[in-house]
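These notes concern the structure reproduced below.
Protein chains: 2
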Amino acid sequence: MVAKARTGGARRLGPRAEKTRLEILSAAEELFAERGFSDTRLEDVAERVGVRRAALFYYFRDKRALYEAVVEDVFEGLLARVRSALAEHPDSLAHAVEAAVSRWVEYVWERPSTAHILLREAMRRDDHSEAFRALARPALDLLGQLFADGRRQGVFRPVTADPFHFASIVGGATVFFVAGMPSLVPDLPFDPLSREQLEAHRRDVLRVTHRLLGLPGLRLVTESP
Amino acid sequence: MVAKARTGGARRLGPRAEKTRLEILSAAEELFAERGFSDTRLEDVAERVGVRRAALFYYFRDKRALYEAVVEDVFEGLLARVRSALAEHPDSLAHAVEAAVSRWVEYVWERPSTAHILLREAMRRDDHSEAFRALARPALDLLGQLFADGRRQGVFRPVTADPFHFASIVGGATVFFVAGMPSLVPDLPFDPLSREQLEAHRRDVLRVTHRLLGLPGLRLVTESP
DNA sequence: GCGTGTTTACTTGCGAGTAAGTAGAATACT
DNA sequence: AGTATTCTACTTACTCGCAAGTAAACACGC
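What follows is the structure, given as structure tokens:
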């Protein structure tokens, strides 16, 4: 029986090849983020890597599989980041939430594909990527748990602090700030994605967090003078 | 000289035909919103209307022109709505802003295509639709003017109340609430787009508005007991 | 029998996926 | 060591299907 699946998926790769694979992944991440799935030409991905289109099929079964790999990569990083932020403050829920929100904002800013791809995935009416669901589920559970704890402990506003609405606002705000506003408002006197503006955004989002959850008497950790 | 442009654009239409044109526009609005430009098949638009695909070209020059028409339609409505809300409170900026935010949330909720299409337009890296820019510009000017007034009158927080960041948060939150969350969190125990949840969202967004602008001592108009 | 609205039946181009071939490195064989 | 063989990482050159756009014919009211 000669190898049936000559093409695509998991196989052992030499170190050289592993590098190309990562380059493909990263080129694809940028393009999928910028243009979305359908408007991304594999031709263009290949060109960025400096390789022929057909080479992509050596590493990934098809376009979809490449996309899924990208999604997985991006969201795994995100979830890990938020988790680690929460873990930094095991004693204070309020501080943990602040840290998590802060890190969320930073991650999205550092890797803007996150914002674009998250938005694109969120807008799909048909079913999501395998990869996406695999990460969305635990993320939501985490959030749910957090709110349950926060309300039980009396740290969060009793009734109106709701994970769903909180996530809409904080999630939406940052994702839109990074992925939407810059192109929406094209000729600004400042760079909307500069470090400075990021800090302004984070400050606002923390204020909002504070207000929505009703965190009692917390000075914002990163508030500027 | 026989008619050169047999196809597309502006022409006088009988009342019957005007109706079909509107049906096409509305079917296209839904599909473009759901799937985006590239993933929308004119075939499907036609089918919804109960007409053959080729008929669309009688009313619109090409796919792009149809899309532009949809965008124009949606955003004109939005801008008008917000303008009229502002006009309702010529004496109090604070109330005017609250009304505008409230109406914005409602409009997006009533016509969710707004959220989807706005997001899709905002994510484009290439240049926007003619129709979109034509509406974005005055909307932004309006916002800028509003903030200038608000700060001059001392109604808004002096330094940190910035139109760009404010729009990121309030705009992003609502748009994401309507267009993103429902599919992001698929099996919720409640309908995220019910009237009830809308009210919860609006309440939160007004709180956020209040906090970000530093509106002095305003009881939220729609706060529930 | 003429314009307005709609159809059927094409053309065309583009982009995903495939098949087969190949240079060169790695490994095996004597 | 030197030659043969196999594998790895690609390339070139196709196929194939789909969806936009076009041309010409056609229905139906006036």
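Line by line, the protein sequences are chains X and W. Position one of the first sequence corresponds to residue 1039 (my numbering), numbered consecutively onward. Position one of the second sequence corresponds to residue 1039 (my numbering), numbered consecutively onward. No residue lacks a Cβ here, since even glycine has one placed at the ideal position from N, Cα and C.
Query                                                                                                                                                                                               : Result
What is the C-beta distance between Phe-1244 (chain W) and Val-1139 (chain W), in whole angstroms, given that I count them as a contact (C-beta under 8 Å)?                                         : Rather than Phe, the amino acid found at residue 1244 (chain W) in this sequence is Leu. About 6 Å; that satisfies the 8 Å criterion.
Pull up the CB-CB distance for Leu-1181 (chain X) and Pro-1201 (chain X), whole angstroms please, since I reckon it's below 8 Å.                                                                    : 5 Å
Could you check what DSSP says for Phe-1098 (chain W) in three-state terms: helix, strand or coil?                                                                                                  : coil
Quick one: is Val-1223 (chain X) near chain W, going by C-beta distance under 8 Å?                                                                                                                  : yes
How is Asp-1200 (chain X) classed by DSSP in three states: helix, strand or coil?                                                                                                                   : coil
If you run the structure through DSSP and keep just helix, strand and coil, what is Pro-1053 (chain X)?                                                                                             : helix
Considering only their Cβ atoms, is the gap separating Val-1216 (chain W) from Trp-1147 (chain W) smaller than 8 Å?                                                                                 : yes
Going along the chain, which unbroken runs of the alpha helix (DSSP H) with 4 or more residues stay wholly within the stretch 1163-1195 of chain X?                                                 : 1168-1190
Leaving aside the five residues before and after Met-1219 (chain X) along the sequence, list all residues of the same chain whose C-beta is less than 7 Å from its C-beta, in chain order.          : Pro-1230
Give the residues from the stretch 1151-1180 of chain X that approach chain W closer than 7 Å (Cβ to any Cβ), ordered along the chain.                                                              : His-1154, Leu-1157, Ala-1160, Met-1161, Arg-1162, Arg-1163, Ala-1174 and Leu-1178
Give every residue of the same chain whose Cβ lies closer than 7 Å to the Cβ of Val-1213 (chain W), excluding the five residues on either side of it in the sequence, and list them in chain order. : Val-1146, Ala-1153, Leu-1156 and Leu-1157
Do we get a CB-CB distance below 8 Å when we pair Arg-1249 (chain W) with the residues of chain X?                                                                                                  : yes
Take Lys-1057 (chain X) and list the residues in its own chain whose beta-carbon comes closer than 8 Å to its own, dropping the five residues that flank it on each side.                           : none
For the alpha helix (DSSP H) that contains Val-1223 (chain W), what are its first and last residues?                                                                                                : Careful: Val-1223 (chain W) lies outside any alpha helix (DSSP H) and carries neither H nor E.
Return the residue from the list W:Val-1193, W:Leu-1178 and W:Glu-1237 that minimises the CA-CA distance to Leu-1226 (chain X).                                                                     : W:Leu-1178
Taking the C-alpha atoms as reference points, what is the distance between Ser-1064 (chain W) and Ala-1055 (chain W)?                                                                               : 14 Å
For chain X, check one thing: does any of its Cβ atoms lie closer than 8 Å to the Cβ of Ile-1062 (chain W)?                                                                                         : no
Of the residues W:Arg-1163, W:Leu-1060 and W:Ala-1211, which one's Cα is nearest the Cα of Val-1246 (chain X)?                                                                                      : W:Ala-1211
Determine the burial state of Ala-979 (chain W): buried for a count of at least 16 other Cβ atoms within 10 Å of its Cβ, exposed for fewer.                                                         : Residue numbering for chain W in the displayed model covers 1039 to 1263; residue 979 (chain W) lies beyond these limits and cannot be assessed.
Relative to chain X, which residues along the stretch 1115-1127 of chain W have a C-beta separation below 8 Å, given in chain order?                                                                : none
How would you label Glu-1081 (chain X), buried or exposed, when you count the other beta carbons within 10 angstroms and need 16 or more for buried?                                                : exposed
Mapping the DSSP letters down to three states, classify Val-1089 (chain W) as helix, strand or coil.                                                                                                : coil
Quick check: the Cα distance between Phe-1113 (chain W) and Gly-1192 (chain W), rounded to an integer number of angstroms?                                                                          : 31 Å
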